[in-house]
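Colleague: For the sequence shown, counting from 1, position 49 maps to 48 in numbering that gives the first Met the number 0; every step adds exactly one.
We put the beta carbon where it would ideally sit given N, CA and C, even for glycine.
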Amino acid sequence: MKLVIAIVQRKDANPLIDSLMEEGFKVTKIASTGGFLKSGNTTLLLGVEEQQVDRVISKIKEECRRRNKSPETDHSSISPTEAYNSCSDKAKVEVSGATIFVINIDKFKKV
Ligand code: 2BA
Numbered sequence: 000m001k002l003v004i005a006i007v008q009r010k011d012a013n014p015l016i017d018s019l020m021e022e023g024f025k026v027t028k029i030a031s032t033g034g035f036l037k038s039g040n041t042t043l044l045l046g047v048e049e050q051q052v053d054r055v056i057s058k059i060k061e062e063c064r065r066r067n068k069s070p071e072t073d074h075s076s077i078s079p080t081e082a083y084n085s086c087s088d089k090a091k092v093e094v095s096g097a098t099i100f101v102i103n104i105d106k107f108k109k110v
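Written out as structure tokens, the structure reads:
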């Protein structure tokens, strides 16, 4: 058995969960925050059989997309020029549709 951990953008999380659940996957949704952008994202946990991992990844690819985002800035502590520059395209980074980790599960139990 494998644990798939997928960090996705908030906008994509619910459509992805719906799509995964339609196929019978069990999903746990955790509110998370990216260390760099300091903005909310969503972490999904799925315990699946090894042969289902590729299907989960292809569902994630279908539902999640790359977007350009700016780091969140506290505009009260900086000048108007700095605030403008922080919102410009130069400050944007491309956030992946999903960051995915697949981990071996030694033991899976429900009690
Ligand atoms: P954040 O840490 O908020 O990062 C958002 C995006 O900012 C990243 O997109 C990347 O394009 C950029 N970025 C991150 N750190 C950077 C740095 N030191 N310098 C310049 N740009 C930087 P993604 O790489 O697609 O990551 C999206 C989110 O996935 C991350 O949000 C983080 O929550 C998570 N993540 C990505 N890689 C991870 C890893 N190796 N371990 C744990 N979480 C990870």
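Enumerate in chain order the residues of its own chain whose CB-to-CB distance from P70 is below 6 Å, with the five nearest sequence positions on each side excluded.
Modeller: Excluding positions up to five away in sequence, the list reads L36.
Colleague: Alpha carbon to alpha carbon, how far is A90 from I6? Give it in angstroms, no decimals.
Modeller: The straight-line gap from Cα to Cα measures roughly 22 Å.
Colleague: Tell me, to the nearest whole angstrom, how far the beta carbon of K1 is from that of V94; I am working on the premise that it is less than 8 Å.
Modeller: In fact, because the Cβ distance is near 25 Å, the residues do not count as touching under 8 Å.
Colleague: Specify which residues have a beta carbon nearer than 5 Å to any heavy atom of the ligand GTP, listing them in chain order.
Modeller: This structure simply doesn't include the ligand GTP; it includes the ligand 2BA instead.
Colleague: How long is the line joining the alpha carbons of C63 and S38, rounded to whole angstroms?
Modeller: Roughly 17 Å separates the two Cα atoms.
Colleague: Just confirm the distance between the C-beta atoms of G96 and K68, as a whole number of angstroms; I'd bet it's less than 8 Å.
Modeller: Wrong, their Cβ atoms sit about 12 Å apart, outside the cutoff.
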